[in-house]
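Be aware that the sequence shown starts at 1, since it is given in UniProt numbering, and climbs by one per residue.
For reference, the structure discussed in these notes is given below.
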Amino acid sequence: MSKRPSTAALPPAKRLAPIFAMGKASTSAPPPTTGTFDHTAPPTMIHYHHLDPLASTSEPSKDPVTIIMYDLDGTLIRPKDGRRFPKDAEDWQWWHGGVPSHLKKMAKAGNHIVVFSNQLMETEKKKRTWKGKLPLIAARIDDVPIRVLAATQRDAFRKPHTGMFDYLVQLYEEKGWKIDREKSLYVGDAAGRKGDHSNTDFTMALNAGLNFETPEEHFLGMGPKYPNPPAAFRPTAMKDYGNLPPIVPSNTPIAREQAEIVLFIGPPAAGKTSFYRRHFDTYEHINQDTLRTRDACIRAARRAADEGRAIVVDNQNRDKGTRALWVNLAKELKLPIRAFHFKVPVDLAEHNSLYRGMYAPIGEPSREVLPKQAFISFSNAYDAPLKNEGFEEVRTVNFVWEGTAEQFKLWDRYLLSK
Numbered sequence: 001m002s003k004r005p006s007t008a009a010l011p012p013a014k015r016l017a018p019i020f021a022m023g024k025a026s027t028s029a030p031p032p033t034t035g036t037f038d039h040t041a042p043p044t045m046i047h048y049h050h051l052d053p054l055a056s057t058s059e060p061s062k063d064p065v066t067i068i069m070y071d072l073d074g075t076l077i078r079p080k081d082g083r084r085f086p087k088d089a090e091d092w093q094w095w096h097g098g099v100p101s102h103l104k105k106m107a108k109a110g111n112h113i114v115v116f117s118n119q120l121m122e123t124e125k126k127k128r129t130w131k132g133k134l135p136l137i138a139a140r141i142d143d144v145p146i147r148v149l150a151a152t153q154r155d156a157f158r159k160p161h162t163g164m165f166d167y168l169v170q171l172y173e174e175k176g177w178k179i180d181r182e183k184s185l186y187v188g189d190a191a192g193r194k195g196d197h198s199n200t201d202f203t204m205a206l207n208a209g210l211n212f213e214t215p216e217e218h219f220l221g222m223g224p225k226y227p228n229p230p231a232a233f234r235p236t237a238m239k240d241y242g243n244l245p246p247i248v249p250s251n252t253p254i255a256r257e258q259a260e261i262v263l264f265i266g267p268p269a270a271g272k273t274s275f276y277r278r279h280f281d282t283y284e285h286i287n288q289d290t291l292r293t294r295d296a297c298i299r300a301a302r303r304a305a306d307e308g309r310a311i312v313v314d315n316q317n318r319d320k321g322t323r324a325l326w327v328n329l330a331k332e333l334k335l336p337i338r339a340f341h342f343k344v345p346v347d348l349a350e351h352n353s354l355y356r357g358m359y360a361p362i363g364e365p366s367r368e369v370l371p372k373q374a375f376i377s378f379s380n381a382y383d384a385p386l387k388n389e390g391f392e393e394v395r396t397v398n399f400v401w402e403g404t405a406e407q408f409k410l411w412d413r414y415l416l417s418k
């Protein structure tokens, strides 16, 4: 969906110099000294700065500094002629004619100006083109110090994740500066309003504990008109969060001493493997992610049964047909088979996948962030398990958070893009 252009007018103000006129971007290249790219930045993030206030020649302020942070596209600039996407580095104009004068006002008041931008750059050509835009913008406000951070991949730097802000905080702390978080502000157009492409600017601000405004509020003085709280997934906002028992029924032992087959059923990132480690560590662990094929899983189960070992099948087992293979194997091997149904909402499972892939603490197994299609596929094929499929019992496992208070703060964020 296209970015929201400004249609409102600013109150009467001083006439802007021609260099700030809306839609009159210079077609000539800026001076080569306009800004610098920091090549020590992480490989999936672009870091550009012009007139860096943190340069070694600058003395850190004794008082915490206020930072005004902006999204770029749809907040500070937009393509010319109403296009949805820019055609090249010079295809941009200010979101509103008053933007450059407002930036100058903010900087003159002692605020630091920083830009956070989500970009997907699959090729070096796209990256070069986008980077070429930044000196052009800086040249139009050449007396305003500005820093630009851009996330180029789908990782922890990308909004609504706070990686760019966390990097900024670390950068300031290393230079001896402190940030006044109570006064600092993030301005972005992705607020979840009708016509917005997402709400990732607003949810990033919430995740980082920052004040938030839309461009209409910040530049035009209009009142806030966006869903608050946002229409986005957050674990503790779930209807039954914290009210469900960990396992139902809970009056019998989870693991048994005799050989058996235990079939896990649930979406990816539902906590199945963690549950295995806590309760079934003496059982043979059968997992298709490790063994690669279903046939390999069946062979491994047969070998374990021959050795008299109990077995946990830690796969999704989402439909009756898949589960019937294991029920029939249990009959052939003359073993009882029980089902443990991980009743985890798909949104929570996808959220957990993002958390464990980006924020999991040191010591936890490394996990990749699963694509959204993995969760859609599970939902489309899912059949709720029933005892009459051939199970001795079906037990429900509800997701219960386990971790430190600091880990909980990271987990209970808005991680899913909307």
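We put the beta carbon where it would ideally sit given N, CA and C, even for glycine.
All values reported here derive from a predicted model rather than from experimental measurement.
Whole-Å CB distance - residue i paired with residue j, under 8 Å assumed
i	j	result
Ile146	Val115	7 Å
Leu244	Asn398	4 Å
Leu185	Tyr167	18 Å between Cβ atoms; not a contact.
residue 503	Glu392	For residue 503 there is no data in the structure shown, the boundaries of the chain being 1 and 418.
Phe342	Lys239	Not confirmed; about 18 Å, so no contact.
Asp71	Val187	7 Å
Val144	Leu103	5 Å
Val400	Pro253	Actually they do not touch by this definition, with Cβ atoms about 19 Å apart.
Phe275	Asn315	Rounded, the Cβ-Cβ distance is 13 Å, inconsistent with contact.
Check whether residue i and residue j have beta carbons under 7 Å apart
i	j	result
Asp196	Pro215	no
Val312	Trp326	no
Leu354	Val369	yes
Pro160	Met204	yes
Ala232	Asn207	no
Ala259	Gly192	no
Ala89	Thr129	yes
Asn118	Arg154	no
Gly35	His50	yes
Thr396	Val248	yes
Val346	Pro267	yes
Ile261	Leu335	yes
Phe378	Glu350	no
His279	Ala296	no
Pro86	Trp92	yes
Asn352	Ala237	no
Pro64	Asp180	yes
Pro224	Phe202	no
Counterpart residues of residue i in DSSP-defined beta bridges
i	result
residue 433	With the chain represented from 1 up to 418, any question about residue 433 goes unanswered, as that position is not in the structure.
Leu149	His47, Phe116
Tyr167	None; Tyr167 has no bridge partner.
Met69	Val114, Tyr186
Phe37	Tyr48
His285	Val312
Val394	Ala339
Gln407	Answer is none; Gln407 lacks a bridge partner.
Arg78	Gln93
Ile137	DSSP output for Ile137 lists no bridge partner at all.
Ile179	Val65
Closer than 6 Å: residue i CB and nearest the ligand MN heavy atom
i	result
Gly221	For the structure depicted, the ligand MN is absent and the ligand set is empty, with no information on it obtainable.
Closer than 7 Å to chain C by CB, residue i
i	result
Leu76	The displayed structure is made up of one protein chain only, and chain C is not part of it.
Any alpha helix (DSSP H) of 4 or more consecutive residues that is wholly inside the stretch 322–388
Correct list: 346–358, 372–381.
When the Cβ atoms of the stretch 349–364 are set against those of the stretch 282–297, are three or more pairs found closer than 8 Å?
No: fewer than three Cβ pairs fall under 8 Å.
Which complete alpha helix (DSSP H) runs does the stretch 212–272 hold, if anything under 4 residues is left out?
Here the runs fully enclosed are 215–220.
With a threshold of 8 Å, are at least 3 pairs of Cβ atoms found where one atom belongs to the stretch 165–180 and the other to the stretch 80–96?
Contact fails: fewer than three Cβ-Cβ distances are below 8 Å.
Meets three-Cβ-pair contact criterion under 8 Å: the stretch 217–237 and the stretch 94–101
Output reads yes: the stretch 94–101 touches the stretch 217–237.
Do the stretch 406–416 and the stretch 274–285 touch if we need at least three Cβ pairs shorter than 8 Å?
With the rule of 3 Cβ pairs closer than 8 Å, the stretch 406–416 does not count as touching the stretch 274–285.
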